[in-house]
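In what follows, a structure is listed as structure tokens, so that the remarks can point back to it.
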Amino acid sequence: MEEEEQQGEVRRGAGLQLRFDPEARAVIATVEPAAASAPIDEAWLRACLDELGYGALRYLPAAATVLLSQYNSGAPVAALRLAECVDAAFSLTLAADSLSALLDVTPAQGGDPVSEAAVVEALVARGIIDGVDVNAIRQAAAAGDGRGIVVARGRPPVHGEDGRLEKLLPDARDRTPRVDESGRVDYRELGDIVVVHPGDRLMLRHPPTDGVPGLDLLGRPIPARAGKDEMFAADLSGAAVDAADPNLLVATAVGLPVQVVGGMIVEPVFSVAEVGTASGNIRFDGSVIIRGDVVAGMCVYASGDIEVGGMVEAATLEAGGSIVIKGGVVGGLGRKDGGEHLLRCGGSFNAAYAQQARIEAGDSIFIDDTAMQCELIAVNHVLVGNKRRGHIIGGRAQATLSIKGKVLGSPNRVATRFEIGVDPNLLKQVHEMAKARDAKETQLLEISKLLDFAAHNPQRIRPEMLDKARATAAVLSAGIAELRTEEQALTKKIELAQQSRVIASEVMHEGVEVTMGGYRYRVVGEHGAGAVGLGKGSLGMFSIDEVDGG
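Position one of the sequence shown corresponds to residue 0 (numbering that gives the first Met the number 0), numbered consecutively onward.
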């Protein structure tokens, strides 16, 4: 085919012929010089190839240089290979771990594309039969180009999972503020602290797994790595492996569960640096140790003891055992914004000092320095002043057996009220015990009549009825004896309460008032060391010597 272009009277490309040779799979150029030919360049030559449909073939620049030189100099050219067909090519690479085969496709230049069958055949020739991704091969062949295409995959091993310890309880750190029905957030109330009891599930051990072996593309097995074991640590305080399940850790004591390396322990004491909005209110079935302060408005409830290393401000503390406050207590009694806070314990209460505080103790109250404008209620004793001042100024104190301070009242006659003697609850308890004992004694009397009848008429009472009656009689006798012992102890306490005193070891000021049942005594004037107690039919003032000797 001859390519010509008019350029005035000169023809561009005159004498140039470009033809496709099917056998050679190439474009062949020939030149027969013509007198009326204009020069040509490479751009013109490439445009001709595109126009003729040979633009996709691989262009041979060196041949084009020769052709242009010969043509433009008027020299002939015989059968010059200008462009040629090049088939698409591909290569396969096996990954270092032999778990994947990668296909690289070099695109065709006017030649044949890569065939799916050729790629599969090449894989088989490499020994790769299983794991061939036919879809990936088909897509790569259709695209005609690509690098790193995964066309076969082995089966990697599934390594075993390491053993692990699963915590079955929420952590105390997970406590979050509560939102009430109106949507308000109470940042003091963070929910209950988790407390466990013997037998409660703490942690579950998941044994390691062996894993599943793999297989590479060449059919070679790949071993799986077994998981590492995780065992419960030895000597976990308050916890033990369950006898029926070696993978289960259970509590052996009541307390706070704490996660440690290799398991969990159960601490009988809940410890916190400070009680404030960061910690939230504390509710714990056990004892609580607070290393710092309890800030105003907070609450601490413990079934055991409460110990505070700092001070307590207008807060509520309730303990089933004792309360020890190494600092002081400043409550809200007498203040409009004081609230209904109190400190209550089933055992004894100890503090360095107390001011405007409401304190209740199931045993006794001990304050080292001063109790000012407080409400102190103790079942047994109230004692203010050990190594320090020992002042009780204002407020009210109540105890069954004694109230004692170094200085009672103040020079400016501040009203300071004391109540001593029998706690009405004691009388009620004695009455209830006597009533219960009478009921049991009546039952025992009826059973005794039955046993006496059986002794005289053995043939008329069935043996099983006789055995049951004897057992019931034994239980009733034991119960009566126990009630009698408790009744005697309370009676003794009531007798001691009759001898209760309000004692000032140094000074008793005017303004002090003492009541005992229906009796009342008001201190007039200032007195030195002395005591107020029940004398001959009334309350009166006694000397310290009389109290100690009596």
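From the three backbone atoms N, C-alpha and C, an ideal C-beta is built for every residue, glycine too.
Computed from a predicted structure; not experimentally measured.
| field | Unbroken alpha helix (DSSP H) run spanning D49, endpoints | value | Position 50 of the sequence shown holds residue 49. Per DSSP, D49 belongs to the alpha helix (DSSP H) from E41 to E50.
| message | Within a Cβ cutoff of 7 angstroms, which residues of the same chain sit near D161, ignoring the five residues on either side of it in sequence? | response | Numbered from its first residue, the sequence shown carries residue 161 at position 162. Closer than 7 angstroms at Cβ, skipping near neighbours: P207, G226, K227 and E229.
| request: Specify whether the stretch 499–515 and the stretch 394–408 touch according to this definition: at least 3 beta carbon pairs, one from each stretch, less than 8 angstroms apart. | output: Under the 8 angstroms Cβ criterion, the stretch 499–515 counts as touching the stretch 394–408, having at least three qualifying pairs.
| query | Buried or exposed: which applies to D40, given that a residue is buried once 16 or more other Cβ atoms fall within 10 Å of its Cβ? | reply | Here the question's residue 40 lines up with position 41 in the sequence shown. By the C-beta density criterion, D40 is exposed, having fewer than 16 other C-beta atoms within 10 angstroms.
| query | Quick one, are the C-beta atoms of L407 and L443 less than 8 angstroms apart? | reply | The residue you call residue 407 lines up with position 408 of the sequence shown. The residue you call residue 443 lines up with position 444 of the sequence shown. Cβ atoms of L407 and L443: not closer than 8 angstroms.
| Candidates R204, L98 and V378, of which the one nearest P156 by Cα | For the purposes of this step, residue 156 is identified with residue 157 of the sequence shown, where counting begins at 1. Of R204, L98 and V378, the residue nearest in Cα terms is L98.
| message | Which residue marks the beginning of the alpha helix (DSSP H) containing T64, and which one marks its end? | response | For the purposes of this step, residue 64 is taken as residue 65 along the sequence shown, with counting starting at 1. Run containing T64: P60 to N71, per the alpha helix (DSSP H) assignment.
| Excluding five sequence neighbours on each side, which residues of the same chain lie with their C-beta closer than 6 angstroms to the C-beta of I136? | As a working note, residue 136 is residue 137 in the sequence shown. Around I136: E115, V118 and V150.
| So what does I27 bridge to, in DSSP terms? | Translated into positions along the sequence shown, residue 27 becomes position 28. Partner(s): R18 and R80.
| Between the C-alpha atoms of I289 and L247, what's the straight-line distance to the nearest angstrom? | Start at 1 with the first residue of the sequence shown, and residue 289 comes out as number 290. Start at 1 with the first residue of the sequence shown, and residue 247 comes out as number 248. For I289 and L247, the distance between alpha carbons rounds to 32 angstroms.
| message | I'd like to know whether the C-beta atoms of T315 and H340 end up nearer to each other than 8 angstroms. | response | The count along the sequence shown starts at 1 and reaches residue 315 at position 316. The count along the sequence shown starts at 1 and reaches residue 340 at position 341. Yes; because the gap between Cβ atoms is below 8 angstroms, this pair is in contact.
| query | Between the C-alpha atoms of A351 and R395, what's the straight-line distance to the nearest angstrom? | reply | For the purposes of this step, residue 351 is identified with residue 352 of the sequence shown, where counting begins at 1. For the purposes of this step, residue 395 is identified with residue 396 of the sequence shown, where counting begins at 1. If you take the alpha carbons of A351 and R395, they lie about 18 angstroms apart.
| Proximity to V260 [Cα-Cα], best of G346, H196, V307 and A233 | Here residue 260 corresponds to residue number 261 of the sequence shown, with the count starting at 1. Check the Cα spacing between V260 and each of G346, H196, V307 and A233: the tightest is with A233.
| query | Short check: CB of G262 to CB of L164, under 8 angstroms? | reply | The sequence position of residue 262 within the sequence shown is 263, counting from 1. The sequence position of residue 164 within the sequence shown is 165, counting from 1. Yes, Cβ-Cβ distance for G262 and L164 is below 8 angstroms.
| task | Drop a sphere of 10 angstroms on the beta-carbon of R409, count the other beta-carbons inside from all chains shown, and report buried for 16 or more, exposed for fewer. | result | Residue 409 sits at position 410 when you count from the first residue of the sequence shown. The question names Arg, yet the displayed sequence has Ser at residue 409. Buried, since its Cβ has 16 or more Cβ neighbours within 10 Å.
| field | DSSP bridge partner residues for I376 (one or two, in chain order) | value | In the sequence shown, residue 376 corresponds to position 377, counting from 1. Answer is E359 and Q397.
| Among M310, G320, L217 and A301, nearest to R154 - alpha-carbon criterion | Counting from 1 along the sequence shown, the entry for residue 154 is found at position 155. Of M310, G320, L217 and A301, the residue nearest in Cα terms is L217.
| field | Residue from R519, M507, T514 and V329 with nearest C-alpha to A530 | value | Along the sequence shown, one-based indexing puts residue 530 at 531. Nearest of R519, M507, T514 and V329 to A530, Cα basis: M507.
| Excluding the five sequence neighbours on either side, which residues of its own chain have a C-beta within less than 6 angstroms of the C-beta of E2, listed in chain order? | Reading the sequence shown from its first residue, position 3 is the one you call residue 2. Note that E2 has pLDDT 44, beneath the 50 cutoff, so the model's placement of it is unreliable and no number is given.
| Residue(s) in a DSSP beta bridge with S286 | In the sequence shown, the residue the question calls residue 286 occupies position 287. Its beta-bridge partners are V268.
| said: Using CA atoms only, rank isn't needed, just tell me which of E525, L533 and E509 is closest to M515. | reply: Taking the first residue of the sequence shown as position 1, residue 515 is located at position 516. For the residues E525, L533 and E509, the minimum Cα distance to M515 belongs to L533.
| message | Within 10 Å of its beta-carbon, does S321 have 16 or more other beta-carbons around it, so buried, or fewer, so exposed? | response | As a working note, residue 321 is residue 322 in the sequence shown. So S321 ends up on the buried side.
| Hey, R60 and A87 are a contact pair by Cβ (cut 8 angstroms); roughly how many whole angstroms apart? | Position 61 of the sequence shown, counting from 1, holds the residue named residue 60. Position 88 of the sequence shown, counting from 1, holds the residue named residue 87. The sequence shown places Pro at residue 60, rather than the Arg named in the question. With a Cβ gap of about 22 angstroms, P60 and A87 do not count as contacting.
| request: Give the secondary structure of R174 by DSSP, where H, G and I count as helix, E and B as strand, and everything else as coil. | output: To locate residue 174, count along the sequence shown from 1; it is residue 175. Confidence at R174 is low in this model, with a pLDDT of 46, below 50, so its placement is unreliable and no value can be given for it.
| Below-8 angstroms beta-carbon distance, K439 vs any chain C residue | Here chain C cannot be found, since the structure has a single protein chain.
| query | Leaving out five residues before and five after L201 in sequence, what residues of the same chain have Cβ atoms less than 7 angstroms from its Cβ? | reply | On the sequence shown, residue 201 is found 202 positions in, with the first residue counted as 1. So the list reads L167, L168, V195, A238, L248, V249, A250, P256 and M263, once near-sequence residues are dropped.
| said: With distance defined between alpha-carbon atoms, name the residue in A82, Y70, V383 and A78 nearest to G54. | reply: The residue you call residue 54 lines up with position 55 of the sequence shown. Of the listed residues, the one whose Cα sits closest to G54 is A82.
| said: Alpha carbons only, please: which of F541, P38 and D284 is nearest the one belonging to Y300? | reply: Position 301 of the sequence shown, counted from the first residue, corresponds to residue 300. Nearest C-alpha to Y300: D284.
| request: With DSSP as the reference, label R519 as helix, strand or coil. | output: Residue numbering aside, residue 519 sits at position 520 when the sequence shown is read from its first letter. R519 falls in the strand class under three-state DSSP.
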